[in-house]
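Novice: After the structure tokens below, expect a handful of questions from me.
In this note's numbering, the protein residues as written are 3 to 131.
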């Protein structure tokens, strides 16, 4: 099984687009946006029972940022949130760049990422693996 979905939030250069591929053994999410979409970081997250509380889901996550990029700040939490809901391996690729971005634009991009992620999480909760 392979299913593809698209989620987005925001407008113009502050828009974030999330391309999601669902397979029978995992999920791949690509989060791109800004003036120059690119590969800035990847995060692979695998859900597991929590160490302190086996009743809670935690994750083992490996993150690889490209030198000079901060896209891992989006990739890691997104991969972990999705993995906890989806229940299997999740790979997130992120790459968002806005030329000369100010703090306000960066905050809007982060919020747009959270909004697209929220939409995906809600969608996955109704999806049967």
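Built from N, CA and C at the ideal position, the CB exists for glycine as well.
#1: Is the segment 44 to 54 close to the segment 102 to 113, with three or more CB pairs under 8 Å?
#2: Residue 117 by DSSP, collapsed to three states: which one?
#3: For residue 33, list the residues DSSP reports as bridge partners.
#4: Comparing alpha-carbon positions, which option in 58, 72, 86, 63 lies nearest residue 41?
#5: Once you ignore the five residues that flank residue 83 on each side, which residues in its own chain have a CB closer than 7 Å to its CB?
#6: Quick check: what's the CA-CA separation for residue 101 versus residue 37?
#7: Taking the Cβ atom as the reference point for each residue, do residue 91 and residue 28 lie within a distance shorter than 8 Å?
#8: For residue 6, which of helix, strand or coil comes out of DSSP?
#9: Assign residue 93 to one of two classes, buried (16 or more other C-beta atoms within 10 Å of its C-beta) or exposed (fewer than that).
#10: Taking only runs that begin and end inside the segment 47 to 110, name each unbroken beta strand (DSSP E) of 3 or more residues, in chain order.
#11: Give me, in chain order, the residues of the same chain whose beta-carbon lies closer than 7 Å to that of residue 96; leave out the 5 immediate sequence neighbours on both sides.
#12: Excluding five sequence neighbours on each side, which residues of the same chain lie with their C-beta closer than 6 Å to the C-beta of residue 86?
#13: In whole angstroms, what separates the C-alpha of residue 125 from that of residue 70?
Specialist: According to the structure shown:
#1: no
#2: On the chain shown, residue 117 is found 115 positions in, with the first residue counted as 1. The answer is helix: DSSP assigns residue 117 an H, G or I state.
#3: As a first step, residue 33 must be located in the chain shown, where it is residue number 31. In the DSSP output, where bridge partners are listed per residue, residue 33 has 20, 96.
#4: Position 39 of the chain shown holds residue 41. Looking at the Cα atoms, 72 is the closest of the given residues.
#5: The residue you call residue 83 lines up with position 81 of the chain shown. 119, 123.
#6: On the chain shown, position 99 is the one that residue 101 refers to. On the chain shown, position 35 is the one that residue 37 refers to. Computed Cα separation, rounded: 7 Å.
#7: Along the chain shown, one-based indexing puts residue 91 at 89. Along the chain shown, one-based indexing puts residue 28 at 26. For residue 91 and residue 28, yes; Cβs fall inside 8 Å.
#8: Counted from its first residue, the chain shown places residue 6 at position 4. If DSSP states are grouped into helix, strand and coil, residue 6 belongs with the strands.
#9: Here residue 93 refers to the residue found at position 91 when the chain shown is read from its first residue. Buried, since its Cβ has 16 or more Cβ neighbours within 10 Å.
#10: 59 to 67, 91 to 99
#11: Sequence index remark: in the chain shown, residue 96 carries index 94 (1-based). 33, 42, 43, 73, 76, 77, listed in sequence order.
#12: Within the chain shown, numbered from 1, the residue matching residue 86 stands at position 84. The residues are 49, 59.
#13: As a working note, residue 125 is residue 123 in the chain shown. As a working note, residue 70 is residue 68 in the chain shown. For residue 125 and residue 70, the distance between alpha carbons rounds to 33 Å.
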